[in-house]
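Presented below is the structure to which this report refers.
Protein chains: 2
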Amino acid sequence: MTVSSKGTCRIDFVSIGKQVDVPPGATLLEGAQQGGLIMVSACGGLGKCGQCRVTVLKGRVSALTESESAILSQTSIDAGERLACVTRVQEDIKVDISSDALISGPRLQLGGDAPYMKPAPLVTAHQIQMQAPTLQDSRSDLLRVKEALTDVAGQSPSSADLAVIRQLSPLARENQWHLTAYLRNNELVGLAPPESSPLGVAIDLGTTKIAASLLDLSGGKELAVSGALNPQIAYGEDLISRLSHARQNPENGQTLAMLVRETIDRLIGDLITRTKTDRDRIADLCIVGNTAMTHLLLGLPVAQLTVSPYVAATSDAMDIRARDLNLTVAPGANVHFLPGIGGFVGADHVAMILASRLHRGDRLAVGIDIGTNTEIVLFHPEHRMLTAASCASGPAFEGGHIRNGMRAASGAIMSVKFTEKGLSLSTIDHADPVGICGSGIIDALAELHRWKVINPSGRLDKDNPRVRTRDKGPEILLAAADQSGRGREIVLTQNDINEVQLAKGAIKAGLETLLAATGTSIEAVREVVVAGAFGSLLDLKSVLAIGMFPHFPNASYRQVGNAAIEGAKMALISKNARRDAWNIAVHSTHLELSTYPEFNRLYALAMQFPNLDKNAATVWK
Amino acid sequence: MTVSSKGTCRIDFVSIGKQVDVPPGATLLEGAQQGGLIMVSACGGLGKCGQCRVTVLKGRVSALTESESAILSQTSIDAGERLACVTRVQEDIKVDISSDALISGPRLQLGGDAPYMKPAPLVTAHQIQMQAPTLQDSRSDLLRVKEALTDVAGQSPSSADLAVIRQLSPLARENQWHLTAYLRNNELVGLAPPESSPLGVAIDLGTTKIAASLLDLSGGKELAVSGALNPQIAYGEDLISRLSHARQNPENGQTLAMLVRETIDRLIGDLITRTKTDRDRIADLCIVGNTAMTHLLLGLPVAQLTVSPYVAATSDAMDIRARDLNLTVAPGANVHFLPGIGGFVGADHVAMILASRLHRGDRLAVGIDIGTNTEIVLFHPEHRMLTAASCASGPAFEGGHIRNGMRAASGAIMSVKFTEKGLSLSTIDHADPVGICGSGIIDALAELHRWKVINPSGRLDKDNPRVRTRDKGPEILLAAADQSGRGREIVLTQNDINEVQLAKGAIKAGLETLLAATGTSIEAVREVVVAGAFGSLLDLKSVLAIGMFPHFPNASYRQVGNAAIEGAKMALISKNARRDAWNIAVHSTHLELSTYPEFNRLYALAMQFPNLDKNAATVWK
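The listed protein sequences derive, respectively, from chains A and B. First residue of the first sequence: 1, per this note's numbering; consecutive thereafter. First residue of the second sequence: 622, per this note's numbering; consecutive thereafter.
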């Protein structure tokens, strides 16, 4: 039994390249969390939802539980599949974690100099000892709180939330007039028993997944993480489908809002249960999302967002009572929404900029958040201005509009390598292939390009032995029916290639337009920050090989994973970070790409595949 | 046909002593409203609820409508009874208005020098012309509102209510980017089509009745009034019953809150319908009530209010979002709650002081708000301090704890005069007597005292021929079974007399304690202000005859009716009035009467009936 001399077991998450040391008996989920890997866990770690499947490749773990036997098929169990939340480590092990179970990529490495990880929270806690009332002194309970706060905090709150006043009278008597009071600026927003330090929740509200993190507001420590799929997916995988659904009638909008609010509240419950704390201690929250997600969560009208010129109802920073979003936390707690930039470029992009500190360096930098909408930003250090744009890169990277496309779930082809005689695939969970996801598609195109199976315009060479022709045109066979997990062939068609060209062309043309419209030469760019949970799973070599970005000859690349939630955490625990986010928004200009006269020409050119030698010269740092 | 030469008809509300001139064809309800008489009208003037019954004593009016035939009995119709909302004036008439249909007494005569009838509202309206968005300018809609407001108001709101942002995008497009914006301090609280002046609603939330008034916020003009019974009556006529019900479990509290919120929202609907305006224009509200009523409306805990030392959760001035009280008005509109003083002395007493300007004179003054709880206040002009107390005068004045007691409704004996050989009664609506209400009971006691049927201790003289003795003791027969509207005798018992002694003694002892505890001589009091809807119906001569108040030899009396709603209106339209209300609360001390050592002795003495000669000397001004 290999337990290290320090009495810990090492878990090697092989597909992620992350290793953590945990005490024997820790669950794999705890290990993943320690490593900053946010796993889907809809049931809150009770072994019931089956979302946190992992494959134990090597090493001994606790015996299969009854709930696992009930949830996992015998085939899965034979392949070493387990539920991370109930499987306990007994020695050093190797684990393969399913991408579908993973809410975000590895945590952003911020380094020790991150300015906002030093907590300066807006909500502060104060221990108060109230005077008990007598017949001679029958002043109200609230007045006693104000008096006691003046004693300890040197200030009396100018207002108190009604829901907090509702708590006050019984709580003060239960705790012998000794309470913890939470103040937000000059307002009383929560009350709790003595010595209850305030907690906060940061949420990245993604189109596909929602990640939540519980933090100690005073110390800034992360106490737990959780995640779930965005339930609005039932109404469309892409934003436009959901916005169209919401604009049809108010009830649809309410349904979409209600679904996502319920999921967020459930995630909060999960965080609370796992840390054995109380919802009333959550005194502040911060949610970041793109413009459309924020509008749907808040129940804002979306009609004007779906037609040109695509205008947000608001992109201001906002504080909304958490209860107005049906979130059960401290009664007066607010949800802080960071400001957006304009159009579809929302608060999540501001949070990404905040966390990556793109805007605080002295180098001309480009930021790219890859997704169905890809947000891009250019930072000019001389005048410290940011210019941001949104590229309609479309759903191809999520498997949409692709014949056998799928999201990054079990059985998805995630990587493709051509060999002399055929090809080698690797799939998520090592399952038999059932489709191809974004990273697999990009890999496949890079290989087709490298092996000259396509020409620079993306046309398949019908004379190439890898290409076969069917009724609908030329295509590549990735997996034969008998190799496939679904009993049918998996192919990549000429049409699929064209879809990816549209997507990658949109991003490249967007970046070129951003440079041209701001008079920036491509040589001036010194740093490229690639963000997004999807962005962190990509093989950047393939991305550059297919020409998804222009060739930046002097730039170094930084892959930062889901930076949006890191920005949300910073804003949660630091009012300085909120101020900086406001600064980012104020110093940002939104560029509507279609207004640039050259955009269409650049777009047409950007769909081409680049010169291979040129890309080979890319400095890979 | 007697229509005056000016082309108007005079309506003489005989029981109220109020005369108004209206155009021929006006309804009696419109006439009553013009005269400041707030009538119950649950159906909004549709002739359906039957609550606005009046008796036409003299003069010609419009023919009986179908709805009246359906609602009124033939006996009522023969007696001249009509519904005020559908009966139209055709010449000068005399009308008797049922006290039960009346929400408040005659409007307080404030005189031309009332300081807060000059509007200085917190909510201001601004006409804005927003810039329409283009592809080159896709800033959010809210940013456009802020920009336009900076143009016209010189300031940009620092925040905007979420519910207002929800209105913005469609409303701006429907109105070609031209809107009315309502600002409250620095917050955007409402939006409306162009040229929509803001409205406000003032509400007196009484234990028995709720009165509402719609005002033009900019001009201060009263546009409509409405009223309804407090539906919480189903859970107890007195406050203590309702508080006890609410403290049993949270659901009870929610039911009581919900009932009163629904009624207020219905009254707002009534005001809106009658003035043909829109709920979205109601941009501010002010509600006054006693401590218990406010706690029940707001859903605050009440357990601590029902046990010694009777502490309010809060008595601070507050602004609550109207939507948090389920009121449908402009989405960001607030309800302002005036501050209370302490214990059961609540915001309605502060509003009464504000409206009567008791605290702004240079005379030592006493204010008395008569009800189930009677609030009393003493104003010392030298140090401009107010001392307030609450007397548990009990339900006797409302007919409670009285053998044949009843509220002031149709058939209630409202006045009693003894004659040499018997007695003469007058009843509300001139109906056959069915019971006796507060003013009748006080009248009866004054007569019993004047005719020496009782001794100074309140004992009935069994040898007096007016007194008869039954199994339960001595009693006075007010109406024989065959004279009664309910076929049974109506009597006043020794026990009834004792109940009234307890009630009037509590008020007198409260006033004497207030004087003694503040070192004030009875001769120093120069003014006595008697307030409350009930207070304005009383015959003050009888009140003084039974010794409900101490004998103030140097005081003049002022009967001001329902001053609380007048105070609420002032606070609605003037931030200066809110500041003054805050001053009243800050300069007020709450005195818990039971803490004064002499109180019990004073109480025992105060139950006695006073020397008749002494009272006869009272200066009646």
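The beta-carbon is built from N, C-alpha and C at its ideal position, and this holds for glycine as well.
Query                                                                                                                                                                        : Result
Can you list, in chain order, the residues of the region 121-143 of chain A whose Cβ is nearer than 8 Å to any Cβ on chain B?                                                : P133, T134, L135, Q136, D137, S138, R139, S140, D141, L142, L143
Three or more beta-carbon pairs under 8 Å between the region 279-288 of chain A and the region 194-204 of chain A, yes or no?                                                : yes
Indicate whether the contact test is met: 3 or more Cβ pairs, each with one atom in the region 299-312 of chain A and one in the region 325-345 of chain A, closer than 8 Å. : yes
Excluding the 5 residues preceding and the 5 following L57(A) in the sequence, name in chain order all residues of the same chain whose CB lies nearer than 6 Å to its CB.   : K94, D96
Does the distance from the C-beta atom of L492(A) to that of I476(A) stay below 7 Å?                                                                                         : yes
Just to confirm, are L917(B) and L892(B) a CB contact at a threshold of 7 Å?                                                                                                 : no
Does any C-beta atom of chain B lie closer than 7 Å to the C-beta of T306(A)?                                                                                                : no
Step through the CB atoms of chain A and report whether any lies within less than 7 Å of the CB of Y931(B).                                                                  : yes
On a CA-only basis, which of D901(B), A1137(B), L685(B) is nearest R944(B)? Give me that one, please.                                                                        : D901(B)
Check each candidate in T134(A), I165(A), N455(A), N373(A) and name the one with the smallest Cα separation from F292(A).                                                    : Looking at the sequence provided, one finds Ala at residue 292(A) rather than Phe. The candidate whose alpha carbon is nearest that of A292(A) is N373(A).
Candidates T801(B), T1216(B), L880(B), M751(B): which alpha carbon is nearest G920(B)'s?                                                                                     : L880(B)
For L502(A), name the three-state secondary structure that DSSP assigns.                                                                                                     : helix
Per DSSP, what kind of secondary structure is P1231(B) in: helix, strand or coil?                                                                                            : coil
Can you tell which of T150(A), A585(A), C437(A) has the C-alpha that lies nearest to the C-alpha of T387(A)?                                                                 : A585(A)
Spell out whether any CB of chain A is found under 7 Å from the CB atom of G963(B).                                                                                          : yes
Can you check which of these residues, L64(A), H336(A), D265(A), is closest to T294(A) by C-alpha distance?                                                                  : H336(A)
Could you list the residues in the region 770-798 of chain B with a C-beta less than 9 Å from some C-beta on chain A, going in chain order?                                  : S780, A781, L783, A784, I786, R787, Q788, L789, S790, P791, A793, R794
Give me the Cα-Cα distance between P742(B) and D316(A), rounded to the nearest whole angstrom.                                                                               : 28 Å
List the residues of chain A whose Cβ lies closer than 7 Å to the Cβ of G920(B), in chain order.                                                                             : R166
Among Y1178(B), V1146(B), G628(B), which one has its Cα closest to the Cα of Q711(B)?                                                                                        : G628(B)
Against chain A, which members of the region 1206-1226 of chain B pass a CB distance test of less than 9 Å?                                                                  : H1211, E1213, S1215, T1216
Would you say T513(A) faces chain E, with C-beta separation under 7 Å as the test?                                                                                           : Note that chain E does not occur in the displayed structure, where the protein chains are A and B.
Using 6 Å as the cut-off, classify the Cβ of L259(A) as near or not near the heavy atoms of the ligand PLP, replying yes or no.                                              : Questions concerning the ligand PLP fall outside what the structure shown contains, since it holds no ligand whatsoever.
Just how far apart, CA to CA, sit N561(A) and Q925(B)?                                                                                                                       : Strictly speaking, residue 561(A) in this sequence is Gly, with Asn absent from that position. Rounded to the nearest angstrom, the two C-alpha atoms are 53 Å apart.
Given that T915(B) touches chain A, what residues does it touch there, using C-beta distances under 7 Å?                                                                     : Correct list: empty, because the minimum Cβ distance to chain A is about 11 Å.
Could you tell me whether the Cβ of D937(B) comes closer than 7 Å to any Cβ of chain A?                                                                                      : yes
Run down chain B in chain order and give the residues with a C-beta less than 8 Å from the C-beta of A675(A).                                                                : This structure leaves residue 675(A) out entirely; chain A is present only between 1 and 621.
Under DSSP, the alpha helix (DSSP H) around P1095(B) begins and ends at which residues?                                                                                      : No alpha helix (DSSP H) contains P1095(B), which is instead part of the beta strand (DSSP E) from 1094-1100.
Compute the Euclidean distance between the alpha carbons of T898(B) and L243(A), then round it to the nearest angstrom.                                                      : 33 Å
Is DSSP giving D96(A) helix, strand or coil here?                                                                                                                            : strand
Can the beta-carbon of Y182(A) be found less than 7 Å from the beta-carbon of P193(A)?                                                                                       : no
On the DSSP bridge assignment, give the partners of C437(A) in chain order.                                                                                                  : Answer by DSSP bridge pairing: none, since C437(A) is not bridged.
What in chain A is Cβ-close to I941(B), meaning under 7 Å?                                                                                                                   : L162
Which of helix, strand or coil does DSSP assign to N1116(B)?                                                                                                                 : helix
Who are the near neighbours of R1179(B) in its chain, counting only those whose CB is closer than 8 Å to its CB and skipping five residues on each side?                     : S977, E1148, V1149, V1150, V1151
Please state the DSSP three-state secondary structure of G652(B).                                                                                                            : helix
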